[in-house]
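Participant: Numbering (our numbering), first residue to last: 5 to 122. Using N, Cα and C, we set each Cβ at its ideal position, and we do this for glycine too. What follows is a structure written as structure tokens; I'll ask about it next.
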Amino acid sequence: MLTKKIIYWVATAVLCGIMLYSAQMYFRNTEMAEGYFEALNYPTYFVIPLAVLKVLGVIMVLWRKSQWLTEWAYAGFFFDLVLAIAAHHYAGHGVIGFSLYALIALFPSYFLGKYIRD
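In structure tokens:
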């Protein structure tokens with residue numbers, strides 16, 4: 005059980021760290037993030053709302069008091085990361101990067117989080 009807890013917390017820390025890094029980049033360098041969104045053919049008005057949702061998702065993943073909201077946070081992260089990987093791939097940037105690492109970390113965080121009770 006200790007090994008599962010360690011894997012859960014490492015995966016959750018990686019996932020939340022990447023999401024918070026992404027959100028702070030959207031808040032602090034909005035013009036740069038909008039440029040990336042334009043290059044990937046996404047609307048730029050998503051930048052700030054997406055950053056807010058990433059922060060709220062991290063809060064829900066770590067708080068875990070509402071199972072329903074936690075499930076939605078993980079679902080939102082999953083779709084955000086899959087779409088980010090696809091967008092970078094189709095833009096010719098490759099798929100290896102923070103989005104892929106966060107997606108890999110999402111699975112142990114999600115599945116082990118269902119069974120680990122602190």
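Can you check whether the CB of L6 is closer than 8 Å to the CB of V62?
Facilitator: For V62 and L6, no; Cβs fall outside 8 Å.
Participant: Roughly how many angstroms separate the alpha carbons of Y49 and H92, rounded to a whole number?
Facilitator: Going by the C-alpha atoms only, they are around 19 Å apart.
Participant: Could you tell me the alpha carbon to alpha carbon distance between Y12 and S113, rounded to whole angstroms?
Facilitator: If you take the alpha carbons of Y12 and S113, they lie about 5 Å apart.
Participant: Which same chain residues, not among the five before or five after R68, have their C-beta less than 6 Å away from its C-beta?
Facilitator: Closer than 6 Å at the Cβ level, and outside the excluded window around R68, lie T74.
Participant: Do you know how far the Cα of L54 is from the Cα of Y46?
Facilitator: Answer to the nearest angstrom: the Cα atoms are 12 Å apart.
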